[in-house]
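Inspection log for the structure reproduced underneath, given as structure tokens.
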Ligand SMILES: [Zn+2]
């Protein structure tokens, strides 16, 4: 996956959220991809993982996107500061869009490459900026 493809994927998130990438808008985006948001260390979040028999497996995660059997989750530690939660959700969104929903790239690249691509994706979304988003929208549609 090239940097240009990562930038394009990041732009899709900005487009979906209309340039306003806040925590709840990002949750909506992730849910639109068929993933359930699980807020770990909340009663509801813990219950979902227990229901699917994977609470112990993920109880210590800060954030992770997984496709477990027929269910897709993004698990996020609810105790993290809001800014960290947003960044981790963006990183996991990168894994969803670049890797999990794109099996060919998942197999092609190493775990280290996947991590750096997810970080680059998160960076691109967070540092695109609202003004640049509107300019990009006008010029590059
Ligand atoms: Zn990662």
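Residue numbers (my numbering): 7 to 147.
Note that CB positions come from ideal geometry on N, CA and C, so glycine has one too.
* To do: Compare the C-alpha of residue 92 against each of 73, 56 and 125 and name the closest.
  => 125
* **For residue 96, the three-state DSSP class (helix, strand or coil)** => helix
* Asked: In chain order, which alpha helix (DSSP H) runs of at least 4 residues are fully inside the region 99 to 140?
  -> 109 to 114 and 117 to 134
* List the whole-angstrom C-beta distance separating residue 73 from residue 95, where the pair is believed to meet the contact cut-off of C-beta under 8 Å. => No, residue 73 and residue 95 are not in contact; Cβ-Cβ is about 17 Å, not under 8 Å.
* residue 46 burial status per 10 Å Cβ neighbour count (16 or more: buried) -> buried
* Asked: Would you say residue 16 and residue 131 are within 8 Å of each other, going by their C-beta atoms?
  -> yes
* Would you say residue 126 reaches chain D, if we count a Cβ-Cβ gap shorter than 8 Å as a contact? -> Absent from the structure is chain D; it holds one protein chain and no more.
* Spatial distance of residue 41 from residue 71 (CA atoms) -> 8 Å
* Which residues share a DSSP beta bridge with residue 25? -> Paired residues: none, contrary to the question.
* Excluding five sequence neighbours on each side, which residues of the same chain lie with their C-beta closer than 8 Å to the C-beta of residue 28? -> 92
* Of the choices 63, 23, 32 and 57, whose alpha-carbon is the least far from that of residue 88? -> 32
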